[in-house]
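Visitor: In the working numbering, the protein residues as written are 2 to 85. For glycine and all other residues, C-beta sits at the position ideal for the given N, C-alpha and C. This is the structure I have questions about; it appears just below.
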């Protein structure tokens, strides 16, 4: 048996949320799992990530729906790779 100096306390451990960013790459773990993104082009060369997907086909289908709902918006599918 291994001696334990202190009882286990879950409050001592901090869990990284999926929305937290990885310091090395700038992407969270969830972002790395979903590299296909739909971005909306905004004024002044800005862009907004609308949604992320694991499969390009899912992103393509979602893009069709977005274009039907908002024909004025400029949307595009992009593949984001790890910046590390």
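Since residue 55 and residue 34 should fall inside the 8 Å C-beta cutoff, what is the C-beta to C-beta distance between them, to a whole number of angstroms?
Guide: 6 Å
Visitor: Taking C-alpha atoms, which residue in 50, 70, 43 and 45 lies nearest to residue 36?
Guide: 50
Visitor: Leaving out five residues before and five after residue 41 in sequence, what residues of the same chain have Cβ atoms less than 6 Å from its Cβ?
Guide: Within its own chain, the residues whose Cβ lies closer than 6 Å to the Cβ of residue 41, once the five positions on either side in sequence are excluded, are 49, 51, 74 and 76, listed in chain order.
Visitor: Along the chain, which unbroken stretches of the alpha helix (DSSP H) at least 4 residues long are found entirely within the region 36-72?
Guide: DSSP assignment within the region 36-72 yields the following whole alpha helix (DSSP H) runs of 4 residues or more, N-terminal first: 57-70.
Visitor: To the nearest angstrom, how far is it from the Cα of residue 59 to the Cα of residue 45?
Guide: 29 Å
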